[in-house]
Amino acid sequence: MIYKQEIGLSDMVRPVIAVLMVAIALGVDTANAQQAGGYKSFVQFKQTVAGIDFFASNRQVVAPFEKPAAEAMAKLRALLGDNLPQGAIFVCSTLQQKDSIYEPQVLKMGYGWTLTVTTAEMRSQEVLARIKSQMGDNIPAGILERVKNRMPEMAAEAEKQMVSSTIPQIAYAVLQTSLAKNLHYRSSRLDDMGKSPLPDWLDIGIAAFASGVNPNLAFLQQSMDQTFPIEDIISMSRPFVASVLVSTSTSTSTDQGSSGNEGGGGFMARSGSGSGGPFDGQSPPAGGTMMGGMPGRGQGGFGGGMGQRSGGQRALSKDEQDRMLFDGQAATFFLFMIEKTGIEKVKALIRQTLEGKESREFISRTDVLGSDFEKIESDWSNWVKAQKPEKTFGPRAEASQNKT
4 MIYKQEIGLS
14 DMVRPVIAVL
24 MVAIALGVDT
34 ANAQQAGGYK
44 SFVQFKQTVA
54 GIDFFASNRQ
64 VVAPFEKPAA
74 EAMAKLRALL
84 GDNLPQGAIF
94 VCSTLQQKDS
104 IYEPQVLKMG
114 YGWTLTVTTA
124 EMRSQEVLAR
134 IKSQMGDNIP
144 AGILERVKNR
154 MPEMAAEAEK
164 QMVSSTIPQI
174 AYAVLQTSLA
184 KNLHYRSSRL
194 DDMGKSPLPD
204 WLDIGIAAFA
214 SGVNPNLAFL
224 QQSMDQTFPI
234 EDIISMSRPF
244 VASVLVSTST
254 STSTDQGSSG
264 NEGGGGFMAR
274 SGSGSGGPFD
284 GQSPPAGGTM
294 MGGMPGRGQG
304 GFGGGMGQRS
314 GGQRALSKDE
324 QDRMLFDGQA
334 ATFFLFMIEK
344 TGIEKVKALI
354 RQTLEGKESR
364 EFISRTDVLG
374 SDFEKIESDW
384 SNWVKAQKPE
394 KTFGPRAEAS
404 QNKT
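So the sequence shown is numbered by my numbering: it starts at 4 and just counts up by one.
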């Protein structure tokens, strides 16, 4: 009899436990849904890369980013330590996805920084939408065919460019949010070096090291007779380049992220616009608007004299070419230092710079590169000439082929 009563109690308890387990499971699902911030058109891929959550239509869209982003984060941890801010990357395949993103809301989800990347498919949709707004439904069949039917190899190159332009932006976002913890950001351009406490050349160099991308190398190698002295590079601000107002297939259709730092001190910016790609020959170089001085190279105003080459493509101004030279020199000199002195010396350089010491003071030490900057520059120059440039697209490729 007692045995039967025990069975009866067990039978009564078992459903209660089952109900509790279902309730707990529902609670977990609800928490996850809230953490996703209500972005129903995206699937959240948590920690696909350590330190980064991806939001996209499917895993296939995220896959091209995984290996290079993981490598970049590993290199950043090697330089800056393990305690890096968590980031969110939204990969948009449709206009609706892009327009649904509100960066302050993303930052309130607990992220330190967020990037929005647009795929070639989405940019094609954006081009079609812009054409329709100008021409209505009477779009010539030839234009529709060119926009809708991209050649497969061009689509592959567009994907490659999308990834290669995003990885340096991850580095900039991490630098600005991990090193400048007391700064509060408005929606700002990722390559605003003034947002980082490091000298401009170190920001550029660290991003090149982390991403493995140096799109200015070919241009630099063809312009070695026009370079800045290395002593200037490590002390000067990145050359100023005025905004270039052109119609690109990656322009932001909303400006929700410009409402200020509503997300609690994080960093927000849009990625994938102005990086130059096989489909957007009009895009300005990845530099855009940037405040900074430039000693000794005569800027000649804000535009530097924009030119127009035959074929309708915009010729690069001297200011833009100066920017590309600076970026190429900063990136290669940082990589040159790593090869010659080792990663530990470079980490010490970063630490001492954050303590307020000048780069030159550290570099000129006998246990680093020494005080003979003529020899340093000669060694660096020979090192640069021996490097193999990767294929580049967009304005950088144009500049290397049509250097003035």
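Glycine included, each C-beta is placed from N, C-alpha and C at the ideal position.
Residue i, DSSP secondary structure in three states
i: K43; result: coil
i: F243; result: coil
i: V177; result: helix
i: K378; result: helix
i: A213; result: helix
i: T230; result: coil
i: T292; result: Because T292 sits at a pLDDT of 31, beneath the cut-off of 50, its placement in the model cannot be relied upon, and the following sentence gives the value as read from the coordinates. Coil, per DSSP.
i: T51; result: strand
i: A318; result: strand
i: N385; result: helix
i: E148; result: helix
i: I207; result: helix
i: I170; result: helix
i: L352; result: helix
i: L87; result: coil
i: P392; result: coil
i: V130; result: helix
i: S238; result: coil
i: A161; result: helix
Cβ neighbour criterion (16 or more within 10 Å) applied to residue i
i: P143; result: exposed
i: M340; result: buried
i: T3; result: Outside the shown range of the chain (4 to 407) lies residue 3, about which nothing can therefore be said.
i: R273; result: Below a pLDDT of 50, predicted positions are generally treated as unreliable, and R273, at 42, falls in that range; no measurement from the model is reported.
i: S136; result: exposed
i: S381; result: exposed
i: Q63; result: exposed
i: A334; result: buried
i: G345; result: exposed
i: A213; result: buried
i: I146; result: exposed
i: Q128; result: buried
i: A132; result: exposed
i: Q357; result: The displayed chain sequence assigns Leu, not Gln, to residue 357. So L357 ends up on the exposed side.
i: A389; result: exposed
i: Q172; result: buried
i: G54; result: buried
i: R354; result: exposed
i: E364; result: exposed
i: M157; result: exposed
i: G331; result: buried
i: Q324; result: buried
i: Q229; result: exposed
i: Q164; result: buried
Any C-beta of chain B under 8 Å from that of residue i
i: P88; result: Protein chain content of the structure displayed is limited to a single chain, and chain B is not contained in it.
Contact under 8 Å by Cβ, residue i with residue j
i: Q224; j: V387; result: yes
i: V46; j: A59; result: yes
i: F376; j: E234; result: yes
i: V109; j: M76; result: no
i: G177; j: L87; result: Here residue 177 turns out to be Val, not Gly, going by the sequence shown. Yes; because the gap between Cβ atoms is below 8 Å, this pair is in contact.
i: T121; j: C95; result: yes
i: S1; j: Q89; result: This structure gives no information on residue 1, because the portion of the chain shown stretches from 4 to 407.
i: D140; j: Y175; result: no
i: F231; j: F329; result: yes
i: L220; j: P392; result: yes
i: T180; j: G115; result: yes
i: S384; j: M239; result: no
Boundaries (first-last residue) of the alpha helix (DSSP H) holding residue i
i: T344; result: K321 to T344
i: L118; result: Premise fails: L118 lies in the beta strand (DSSP E), W116 to T121, not in any alpha helix (DSSP H).
i: R62; result: R62 to L83
i: E106; result: E106 to K111
i: L220; result: L220 to Q224
i: Q100; result: L98 to S103
i: I366; result: S362 to I366
The beta strand (DSSP E) enclosing residue i, as first and last residue numbers
i: F57; result: I55 to A59
i: F93; result: G90 to C95
Expected contact under 8 Å - CB spacing of residue i and residue j to nearest Å
i: M138; j: L98; result: Their Cβ separation, rounded to whole angstroms, is 18 Å, which puts M138 and L98 out of contact at 8 Å.
i: P202; j: S374; result: The pair is not a contact, with the Cβ atoms about 19 Å apart (cut-off 8 Å).
i: A183; j: S167; result: A183 to S167, Cβ: 25 Å. No contact.
i: L82; j: I209; result: 6 Å
i: F243; j: M327; result: Not really, about 13 Å apart at Cβ, beyond 8 Å.
i: A211; j: A161; result: Not quite, the Cβ-Cβ distance comes to about 22 Å (not below 8 Å), so this is no contact.
i: F68; j: T169; result: 7 Å
i: R241; j: M196; result: 5 Å
i: T119; j: I134; result: With 8 Å as the limit, T119 and I134 do not qualify as a contact, their Cβ atoms being about 23 Å apart.
Closer than 7 Å: residue i CB and nearest the ligand SAM heavy atom
i: K78; result: No copy of the ligand SAM occurs in the structure displayed, which carries no ligand at all.
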